[in-house]
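One structure below.
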Amino acid sequence: MVFIVSLCFSFTSVFTKILLDKISSSATLFLRFIFVVVTFPIVLKILGKSTFKELIFISGSELKHFFFLSIFLAGDMILFFNALYFISVSKATFLFLTYPILSLILARIFLKESITKTDVIATIISFSGIVVMFWKKIELQGSKGEIMVLAASLLWSAYIIMNRYLGETKNHYRKTYWLFLFNAAIILIALAATKDAISLYALSFRDMVLLLSLAIFSTLIPYTLLGYAAKYVKSSTSSIILLLGPIFGILLSFIILKERPPLGTLIGGFFILISAFISTYSVEKLLEASKRFPKKIKSMLFWM
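So for the sequence shown, our numbering puts the first residue at 132; every next one is plus one.
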């Protein structure tokens, strides 16, 4: 399920980049969330999963938890996209993708999740892949943009950790709906503060289709699935698998935008694919499978 989330997230950067000439990234974020605020209850009603009353009425404890979960997510998005005014996309992406390390530490501190051999190896391999991808493009200077992206990475890690905690204790659909609702409100406030106008008149039919695709495939589906999977998947495992999103995004940018990835990006992406496989399958199972492999070969040869 988290693999599907990664695939859905891969559309975000490509479609947002196409829309940048017509509408700002913050406005795109707001329209994505306001769409799901309206449609999510309708979808659940049609599927017979929940009623509007069950979604909207929450306790004081839930209100507090859902608000902070939304603050983490909205803050992460706003900081990351605004950091792009100060630093390059490559540098921002490199710094942001360090979040699995932060998630591993935070999960241990707040959720008491054990750090296994698999977690450590998968994290090291994934970080090595990120370094290979951006090795020639990174010159860290401690600038405002870099600090903003690192803060965004920390907030995204906090979102993953809190989402995991709430996934074990709260109603999944109610949590997801209030996440959409709070994020729409927070981003609207940010738009008002920056006086960033939303003009739909300048958008073509193709642009509207892209916005709709972002709302469905980069917002409604992935956050709903991620909220559901949080109960069953460790935070560290989710963090590693979610790194596949940018890798899928690179593939999409090659197909849609004709952006040819350099060799370092391909090698780094391969490292991340390996780390995701290890994270889901575990080092222990891989070692056990490698021990059984020679026996299987011998039995096949003997049978032949």
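In this text, a Cβ means the ideal position worked out from N, Cα and C, and glycines have one as well.
Problem - Beta-carbon contacts of residue 348 that lie in its chain and below 7 Å, excluding the five residues immediately before and after - result: 139, 142
Open item on the list: Here's the rule I'm using: 16 or more other beta-carbon atoms within 10 Å means buried, otherwise exposed. How should residue 320 be labelled?
Closed with: exposed
* Asked: Is the stretch 199-210 touching the stretch 281-296 in the sense that three or more CB pairs, one from each, lie closer than 8 Å?
  -> yes
Go through its chain and collect everything with a Cβ distance to residue 259's Cβ below 7 Å, but skip five positions before and after it. 402
Which residues mark the beginning and the end of the alpha helix (DSSP H) in which residue 392 is found?
Looking at the DSSP string, residue 392 is not in any alpha helix (DSSP H), and its letter there is neither H nor E.
What did DSSP end up calling residue 266 once you bin it into helix, strand or coil? coil
Exercise. Are the C-beta atoms of residue 294 and some chain D residue less than 8 Å apart?
Worked result: Annotation note: the requested chain D is absent from the structure, which comprises a single protein chain.
Separation of residue 365 from residue 298, as counted between CA atoms | 11 Å
Report task. Tell me the start and end of each unbroken alpha helix (DSSP H) in the stretch 353-379 that is at least 4 residues and wholly inside, in chain order. Result -> 366-373
Q) Counting Cβ pairs closer than 8 Å, one from the stretch 404-412 and one from the stretch 366-382, do we hit at least three? A) yes
- [ ] Counting only the same chain and skipping the five closest in sequence on each side, list residues whose C-beta sits under 7 Å from that of residue 341.
- [x] 146, 149, 150
| request: Measure the alpha-carbon distance for residue 328 versus residue 356 and round it to whole angstroms. | output: 31 Å
Check whether residue 351 and residue 137 have beta carbons under 8 Å apart
no
TODO: Measure from the alpha carbon of residue 246 to the alpha carbon of each residue in 234, 164, 256, then state which is nearest.
DONE: 234
Since residue 226 contacts residue 156 with CB under 8 Å, what's their CB separation in whole angstroms? Between residue 156 and residue 226 the Cβ distance is about 18 Å, and since that is not below 8 Å, they are no contact.
- Query: Which residue from 395, 192, 373 puts its Cα closest to that of residue 132?
  - Reply: 373
(message) Quick check on DSSP: helix, strand or coil for residue 217?
(response) coil
*Measure the alpha-carbon distance for residue 257 versus residue 240 and round it to whole angstroms.*
22 Å
**Prompt:** For the candidate residues 339, 358, 325, whose alpha-carbon lies nearest to that of residue 201?
**Reply:** 358
Would you please state the rounded distance, in angstroms, between the beta carbons of residue 377 and residue 224? I believe it to be under 8 Å. 7 Å
For residue 261, count neighbouring C-beta atoms within 10 Å of its own C-beta (all shown protein chains included) and say buried if the count is 16 or more, exposed if not. buried
Nearest residue (CA-CA) to residue 218, options 252, 280, 175, 230: 280
Checklist entry - Do residue 238 and residue 244 come within 8 Å of each other at the CB atom, strictly closer than that value? => result yes
Check this for me: beta carbons of residue 313 and residue 198, under 8 Å apart or not? yes
Requested in this report: Output the distance between the C-alpha atoms of residue 462 and residue 397, rounded to the nearest integer angstrom.
Outcome: In the structure as shown, the chain starts at 132 and stops at 435, and residue 462 therefore has no counterpart that could be examined.
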